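**Student:**
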Amino acid sequence: MSLHTKMSVSVGGVTFPNPFIAASGTFGYGDDYEPLYPVNIWGGISCKGTTLNKRQGNLPPRIAETPSGMLNSVGLQNCGIDDFIEKLLPSLKSRANVVIANLAGEKIEDYVESAAKLDKSAVDMVELNISCPNVKQGGLSFGVSTQATAAITKAVRAATSKPLMVKLSPNVTDITEIAKAAQSEGANALSLINTLLGMRIDIKTRRPILRNNVGGLSGPAVLPVAVRMVWQVARAVDIDIVGMGGISCLNDALEFLIAGAKAVQIGTALFTDPHLPTKIPSELEQYMKENKLNSITQITGTVEPW
């Protein structure tokens, strides 16, 4: 069995040559990293969150450092779904192994229209970002309600035949109920966790550091929370899971796989170590040799609770 086969994983019916995926919003479309390494070093790329129409994002400051992490409130700045499909996707498809379109919106109709456009495109998978403001429901996020999660998953599922992965918010009481709602309405896979809601304050001005007041916390600080949630969700659903949240080395990634994830997304770590994806596959190869693994999937969900 070749190394390529040993490291490959299937998520929602899509085959990735290795389990490492560039997380949405941290890798853009790969252009900025190509002077360092080819895009196809990743198993796949989850593209920057894309909305139906172009968005300028939030006013700065939009980034703040935190202990063992960072807060971001970029606000989904992007070129819009049409420009993504027409101007960015063709080049990316020629360079990447798997292209995942991360889809965001303010109301269900936006998601449905964008999903219908993506259905006719060359993307390999749609990642449904349900942690965006739901304007029709008083500013709440779709992802904090089982009913809203079920409704948006059902609507998008009807709009596209592409494999559908729903990205879950950790800002909930019981993430397993949200996960089951997404599965019940046709999700092929789940990705988790999205960022935790956080805040920092400038003690001199007594104002929040972020212009948006609050933002999404990512980085090593969130890893234990993310691993716990992946473990819980893996026991609650029957569909594939992609884990993320604070991964900065192979050992971190292995925790997610052992907890029940088939693959992982890596994001914030790229800002401190942009060369991480050049190192982690060879480290995985060594780990597999040492543990006599014929397939990396042999460790999926093998955690043994006390």
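Residue numbering for the sequence shown follows this note's numbering, beginning at 1 and increasing consecutively.
C-beta: ideal position from N, C-alpha, C; glycine also.
Note that this is a predicted model, so its numbers are computed, not measured.
Relative to the C-alpha of S184, which candidate in A150, G25 and I45 has its C-alpha closest?
**Tutor:** With distances taken between Cα atoms, S184 lies closest to A150.
**Student:** Is DSSP giving V242 helix, strand or coil here?
**Tutor:** In the structure shown, V242 sits in a strand (DSSP, three-state: E or B).
**Student:** Confirm, please, whether the CB-CB distance from G57 to G75 is below 8 Å.
**Tutor:** Their beta carbons are under 8 Å apart, which means G75 touches G57 by this criterion.
**Student:** For V99, is the classification buried or exposed, using 16 other Cβ atoms within 10 angstroms of its Cβ as the cut-off for buried?
**Tutor:** Buried.
**Student:** Assign W42 to one of two classes, buried (16 or more other C-beta atoms within 10 Å of its C-beta) or exposed (fewer than that).
**Tutor:** Result: buried.
**Student:** Between G57 and chain C, is any beta-carbon pair separated by less than 8 Å?
**Tutor:** Absent from the structure: chain C. Only one protein chain is present.
**Student:** Tell me where the alpha helix (DSSP H) around L92 begins and ends.
**Tutor:** Here the alpha helix (DSSP H) through L92 covers L89 to R95.
**Student:** Given this structure, state the Cα-to-Cα distance separating G12 from A179, to the nearest angstrom.
**Tutor:** Using only the alpha carbons, I get a separation of about 15 Å.
**Student:** Keeping to the same chain, check which residues put their C-beta closer than 7 Å to that of N53; ignore five residues upstream and five downstream.
**Tutor:** Here the set comprises G80.
**Student:** Which residue marks the beginning of the beta strand (DSSP E) containing Q314, and which one marks its end?
**Tutor:** The structure shown does not extend to residue 314, since the chain spans only 1 to 306, so no value can be given for it.
**Student:** Have a look at the DSSP bridge pairing and note the partners of R55.
**Tutor:** Paired residue(s): N78.
**Student:** Is I239 near N194, with beta carbons less than 8 Å apart?
**Tutor:** In this structure, N194 does not lie closer than 8 Å to I239 by Cβ.
**Student:** Only counting the same chain, and skipping five residues up and downstream in sequence, which positions put a Cβ closer than 7 Å to that of M1?
**Tutor:** For M1, the predicted structure reports a pLDDT of 49, less than 50, and the residue's modelled location is therefore unreliable. The matter cannot be settled from this model.
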